[in-house]
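Position 53 of the sequence shown, counted from 1, bears residue number 53 in my numbering, the numbering being contiguous throughout.
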Amino acid sequence: MLKGLWILEDTGPLLYTLIVDKRFFEVNEDLISGFFAALDTFAKSIGSEEVAKLDLKDVTFSFIRSAHVIIVVAADKDQDVTQTLLGVRHAFSEVVPNIKKSPFNPLVASDLDELKEKLNPRVKNIVASASGLLHRKVSGVEGDMIPRLERSLTEIRGLRDQLVNRFGVVAIDVLRHANGKKTVAEIAKELKVEQNKVEDVLASAHKLGVLDFKLRGS
(Lines of atoms letter the chains of each structure in order from A; the text may use other names.)
(Lines give C-alpha, C1' and ligand atoms only; values in the text may rest on other atoms or scores of the structure.)
Protein backbone atom coordinates (compact mmCIF):
# COMPACT_ATOMS: atom_id res chain seq x y z
CA MET A 1 0.00 0.00 0.00
CA LEU A 2 1.16 3.52 -0.79
CA LYS A 3 1.73 5.67 2.29
CA GLY A 4 2.50 9.08 0.86
CA LEU A 5 4.03 11.09 -1.96
CA TRP A 6 6.16 14.22 -1.98
CA ILE A 7 7.69 16.54 -4.57
CA LEU A 8 10.45 18.85 -3.43
CA GLU A 9 13.13 21.05 -4.92
CA ASP A 10 16.55 19.45 -4.87
CA THR A 11 17.63 22.37 -2.67
CA GLY A 12 15.15 21.31 0.00
CA PRO A 13 11.84 23.25 -0.11
CA LEU A 14 8.73 21.08 -0.30
CA LEU A 15 6.44 21.77 -3.27
CA TYR A 16 3.73 19.14 -2.95
CA THR A 17 2.51 16.49 -0.47
CA LEU A 18 -0.16 13.81 -0.81
CA ILE A 19 -1.08 11.82 2.31
CA VAL A 20 -2.48 8.42 1.36
CA ASP A 21 -2.27 6.54 4.68
CA LYS A 22 -3.08 9.04 7.44
CA ARG A 23 -2.38 6.53 10.21
CA PHE A 24 1.13 5.99 8.87
CA PHE A 25 1.85 9.71 9.07
CA GLU A 26 0.47 9.95 12.59
CA VAL A 27 2.64 7.18 14.08
CA ASN A 28 5.80 7.60 11.99
CA GLU A 29 6.59 11.31 12.22
CA ASP A 30 10.17 10.63 13.39
CA LEU A 31 10.71 8.05 10.64
CA ILE A 32 9.60 10.47 7.93
CA SER A 33 11.72 13.28 9.37
CA GLY A 34 14.73 10.96 9.44
CA PHE A 35 14.29 10.03 5.81
CA PHE A 36 14.15 13.62 4.63
CA ALA A 37 17.18 14.47 6.73
CA ALA A 38 19.11 11.78 4.84
CA LEU A 39 17.57 12.46 1.43
CA ASP A 40 19.94 15.23 0.41
CA THR A 41 22.94 12.90 0.67
CA PHE A 42 21.28 10.03 -1.20
CA ALA A 43 19.75 12.17 -3.95
CA LYS A 44 23.08 13.64 -5.01
CA SER A 45 24.41 10.15 -5.76
CA ILE A 46 21.74 9.06 -8.27
CA GLY A 47 21.30 9.83 -11.96
CA SER A 48 18.26 11.54 -13.46
CA GLU A 49 16.72 8.30 -14.77
CA GLU A 50 17.55 6.09 -11.78
CA VAL A 51 15.02 5.06 -9.16
CA ALA A 52 16.71 4.87 -5.75
CA LYS A 53 15.33 3.20 -2.65
CA LEU A 54 15.85 3.44 1.07
CA ASP A 55 14.31 0.89 3.47
CA LEU A 56 13.30 2.16 6.89
CA LYS A 57 11.53 -0.33 9.19
CA ASP A 58 8.75 -1.93 7.12
CA VAL A 59 8.49 0.91 4.59
CA THR A 60 10.46 1.66 1.43
CA PHE A 61 11.05 5.24 0.35
CA SER A 62 11.61 5.34 -3.42
CA PHE A 63 12.67 8.48 -5.24
CA ILE A 64 13.68 9.79 -8.64
CA ARG A 65 15.15 13.07 -9.83
CA SER A 66 13.49 15.23 -12.49
CA ALA A 67 15.45 18.29 -13.54
CA HIS A 68 15.57 20.36 -10.33
CA VAL A 69 13.04 18.41 -8.29
CA ILE A 70 12.92 15.10 -6.44
CA ILE A 71 9.81 12.91 -6.37
CA VAL A 72 9.41 10.58 -3.39
CA VAL A 73 6.94 7.75 -2.75
CA ALA A 74 6.64 5.78 0.51
CA ALA A 75 5.06 2.32 0.25
CA ASP A 76 5.12 -1.19 1.67
CA LYS A 77 8.38 -2.98 0.94
CA ASP A 78 6.81 -5.48 -1.46
CA GLN A 79 5.20 -2.81 -3.68
CA ASP A 80 6.87 -1.67 -6.90
CA VAL A 81 6.24 2.06 -7.29
CA THR A 82 8.41 2.68 -10.37
CA GLN A 83 5.42 3.42 -12.64
CA THR A 84 3.94 5.69 -10.00
CA LEU A 85 7.14 7.73 -9.85
CA LEU A 86 7.38 7.94 -13.64
CA GLY A 87 3.72 8.89 -13.94
CA VAL A 88 4.02 11.68 -11.37
CA ARG A 89 7.22 12.94 -13.02
CA HIS A 90 5.40 13.11 -16.36
CA ALA A 91 2.42 14.91 -14.79
CA PHE A 92 4.73 17.41 -13.08
CA SER A 93 6.60 18.12 -16.32
CA GLU A 94 3.26 18.90 -18.00
CA VAL A 95 2.08 21.18 -15.21
CA VAL A 96 5.37 23.09 -15.06
CA PRO A 97 6.10 23.67 -18.79
CA ASN A 98 9.58 22.81 -20.08
CA ILE A 99 10.82 21.74 -16.65
CA LYS A 100 13.25 19.31 -18.29
CA LYS A 101 14.69 21.91 -20.65
CA SER A 102 15.09 25.07 -18.63
CA PRO A 103 16.31 26.03 -15.14
CA PHE A 104 13.70 25.67 -12.44
CA ASN A 105 12.84 28.99 -10.84
CA PRO A 106 11.73 28.88 -7.20
CA LEU A 107 7.96 29.11 -6.89
CA VAL A 108 6.28 31.82 -4.82
CA ALA A 109 3.20 31.10 -2.70
CA SER A 110 0.70 31.88 -5.48
CA ASP A 111 2.62 29.59 -7.86
CA LEU A 112 2.48 26.79 -5.32
CA ASP A 113 -1.29 27.13 -4.97
CA GLU A 114 -1.70 26.89 -8.74
CA LEU A 115 0.72 23.95 -8.91
CA LYS A 116 -1.27 22.01 -6.29
CA GLU A 117 -4.59 22.80 -7.97
CA LYS A 118 -3.41 21.49 -11.35
CA LEU A 119 -1.32 18.61 -10.07
CA ASN A 120 -3.70 17.20 -7.45
CA PRO A 121 -6.23 15.45 -9.74
CA ARG A 122 -3.49 13.95 -11.89
CA VAL A 123 -1.51 12.59 -8.96
CA LYS A 124 -4.62 11.21 -7.26
CA ASN A 125 -5.56 9.34 -10.44
CA ILE A 126 -2.07 7.85 -10.66
CA VAL A 127 -2.17 6.80 -7.01
CA ALA A 128 -5.66 5.34 -7.42
CA SER A 129 -4.45 3.23 -10.31
CA ALA A 130 -1.34 2.13 -8.41
CA SER A 131 -3.50 1.10 -5.47
CA GLY A 132 -5.13 -1.61 -7.54
CA LEU A 133 -8.54 -0.01 -8.03
CA LEU A 134 -8.63 -1.19 -11.64
CA HIS A 135 -9.12 -4.80 -10.65
CA ARG A 136 -12.20 -4.40 -8.51
CA LYS A 137 -15.44 -5.14 -10.33
CA VAL A 138 -16.90 -2.15 -12.18
CA SER A 139 -20.59 -1.93 -11.29
CA GLY A 140 -21.64 1.49 -12.62
CA VAL A 141 -21.23 3.28 -9.29
CA GLU A 142 -19.27 6.49 -8.90
CA GLY A 143 -15.57 5.79 -8.91
CA ASP A 144 -15.45 3.34 -11.83
CA MET A 145 -12.10 3.32 -13.55
CA ILE A 146 -11.86 5.19 -16.86
CA PRO A 147 -8.76 4.39 -18.95
CA ARG A 148 -7.03 6.92 -21.19
CA LEU A 149 -4.22 6.17 -23.63
CA GLU A 150 -1.39 8.66 -23.05
CA ARG A 151 0.00 8.44 -26.60
CA SER A 152 -1.27 7.44 -30.05
CA LEU A 153 -1.14 3.82 -31.21
CA THR A 154 1.40 4.85 -33.85
CA GLU A 155 3.72 6.33 -31.21
CA ILE A 156 3.65 3.16 -29.13
CA ARG A 157 3.99 0.71 -32.02
CA GLY A 158 6.58 -1.49 -30.27
CA LEU A 159 4.65 -1.70 -27.01
CA ARG A 160 1.40 -2.17 -28.93
CA ASP A 161 2.89 -5.20 -30.68
CA GLN A 162 3.85 -6.66 -27.31
CA LEU A 163 0.22 -6.43 -26.20
CA VAL A 164 -1.03 -7.97 -29.45
CA ASN A 165 1.38 -10.88 -29.06
CA ARG A 166 0.06 -11.48 -25.56
CA PHE A 167 -3.68 -10.84 -25.95
CA GLY A 168 -4.36 -10.94 -29.68
CA VAL A 169 -5.72 -8.21 -31.95
CA VAL A 170 -8.45 -7.43 -29.40
CA ALA A 171 -5.76 -5.43 -27.57
CA ILE A 172 -5.83 -2.86 -30.41
CA ASP A 173 -9.60 -2.48 -30.11
CA VAL A 174 -9.37 -2.06 -26.33
CA LEU A 175 -6.68 0.62 -26.62
CA ARG A 176 -8.66 2.50 -29.30
CA HIS A 177 -11.58 2.71 -26.89
CA ALA A 178 -9.38 3.92 -24.01
CA ASN A 179 -10.14 7.56 -24.73
CA GLY A 180 -10.76 8.82 -21.20
CA LYS A 181 -14.54 8.79 -21.66
CA LYS A 182 -15.61 5.16 -21.17
CA THR A 183 -15.34 2.91 -18.14
CA VAL A 184 -13.78 -0.52 -18.28
CA ALA A 185 -17.25 -2.07 -18.20
CA GLU A 186 -18.50 0.12 -21.02
CA ILE A 187 -15.54 -0.81 -23.22
CA ALA A 188 -16.09 -4.51 -22.56
CA LYS A 189 -19.79 -4.24 -23.36
CA GLU A 190 -19.23 -2.24 -26.53
CA LEU A 191 -16.58 -4.66 -27.82
CA LYS A 192 -18.50 -7.72 -26.61
CA VAL A 193 -15.37 -8.96 -24.87
CA GLU A 194 -15.13 -10.47 -21.39
CA GLN A 195 -14.47 -7.71 -18.87
CA ASN A 196 -11.62 -9.64 -17.25
CA LYS A 197 -9.76 -9.68 -20.56
CA VAL A 198 -10.30 -5.95 -21.06
CA GLU A 199 -8.96 -5.34 -17.54
CA ASP A 200 -5.88 -7.47 -18.26
CA VAL A 201 -5.09 -5.55 -21.47
CA LEU A 202 -5.50 -2.19 -19.74
CA ALA A 203 -3.48 -3.25 -16.69
CA SER A 204 -0.62 -4.40 -18.94
CA ALA A 205 -0.72 -1.16 -20.92
CA HIS A 206 -0.59 0.77 -17.65
CA LYS A 207 2.47 -1.21 -16.50
CA LEU A 208 4.14 -0.34 -19.80
CA GLY A 209 3.57 3.35 -18.99
CA VAL A 210 1.35 4.21 -21.97
CA LEU A 211 -2.04 4.35 -20.27
CA ASP A 212 -3.48 5.90 -17.15
CA PHE A 213 -6.80 5.91 -15.32
CA LYS A 214 -9.13 8.35 -13.65
CA LEU A 215 -12.09 7.85 -11.37
CA ARG A 216 -15.57 8.65 -12.63
CA GLY A 217 -16.57 12.01 -11.27
CA SER A 218 -12.97 13.20 -10.68
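Here a beta-carbon is modelled for each residue, glycine too, at the ideal position from N, C-alpha and C.
Query	Result
Top-ranked residue by Cα proximity to Val72, from Gly209, Glu117 and Ala52	Ala52
Cβ-based burial, Glu199 [other Cβ within 10 Å; buried from 16]	buried
Three-way DSSP call (helix, strand, coil) for Gly4 in this model	strand
Contained alpha helix (DSSP H) runs [length at least 4] in the region 10-85, N- to C-terminal order	22-27 and 29-43
Enclosing alpha helix (DSSP H) for Ile146 [first to last residue]	Segment Met145 to Leu149 is the beta strand (DSSP E) holding Ile146; no alpha helix (DSSP H) there.
Any 3 or more C-beta pairs closer than 8 Å across the region 84-91 and the region 117-129	yes
Coil, strand or helix - Lys214 by DSSP	strand
Of the residues Val201, Gln162 and Leu211, the one placed nearest Gly180, counting alpha carbons only	Leu211
Buried versus exposed, by CB contacts within 10 Å (16 or more), Pro65	Inspection of the sequence shows that residue 65 is occupied by Arg rather than by Pro. Answer is buried; the Cβ neighbour count reaches 16.
Test item: CB-CB of His177 and Glu190 under 9 Å	yes
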